[in-house]
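Down below is the structure, laid out as structure tokens.
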Amino acid sequence: MLVNIVDGNKLMSHLISVDFVWKIQGHKFHTTVRILPLGACQMVVGVDWLQHHSPVQFNFQKMQLTLFADTSKLTLQAATTQADLQMILAKTLTKWIKHSNTHSINQLFSLQASNANASNSIPHYHSAITPLIHQFLDLFTPPTELLPSRNTDHTINLKPEVIPQ
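Residue 622 in my numbering is what sits at position 155 of the sequence shown, and the numbering runs on without skipping anything.
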């Protein structure tokens, strides 16, 4: 069976598990599931599962999902605790991924502080390329104006029915 996933791609499901038993927050469910190569996720419930437990209510302020299982009304609470984040080097992350037997979902951020008052400041680069950047600084500074018109300028003819956005 071909399954549509959130990002617009399609995955092929060749395997099925009938009467699969799983628990979440102390609640047990019996469901027929399709086996898909999801990557880091353990399980994703589909619209068919949500429809089976209708009516379903999402509360995004409280991060809760309320549904009906058998004749009971259940409320599932999202994990809302803040993670304790620590900075690691890319080399350490690469080694961890390569040697890890577990999968996890991580959200990585790359932040760089900047001084709003500093003009023409050069970002910090590896020391081996810094002299090269200083030598060709004019190539690395952002342009402040358009290039002058030339005899060999090319035009891009837009289709008349297309509206630029």
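Glycine is no exception: its CB is placed at the ideal position from the N, C-alpha and C atoms.
Owing to the predicted nature of the structure, the values given are computational and were not obtained by experimental measurement.
Per the DSSP calculation, SER539 is bridged to which residue(s)? ALA536
Following the continuous alpha helix (DSSP H) through HIS566, name the residue where it begins and the one where it ends. Counting along the chain, the alpha helix (DSSP H) containing HIS566 begins and ends at 557-566.
Going by DSSP in three states, LEU482 sits in which element: helix, strand or coil? strand
Which residues mark the beginning and the end of the beta strand (DSSP E) in which PHE496 is found? Run containing PHE496: 494-502, per the beta strand (DSSP E) assignment.
What is the DSSP secondary structure of SER586, reduced to helix, strand or coil? For SER586, the predicted model reports a pLDDT of 46, less than 50, meaning its position is unreliable; a value from the coordinates is still stated below. Correct three-state label for SER586: coil.
Mapping the DSSP letters down to three states, classify GLU612 as helix, strand or coil. coil
According to DSSP, ASN526 sits in a beta bridge with which residue or residues? GLN531
If you reduce the DSSP assignment to three classes, tell me which class GLN602 lands in. helix
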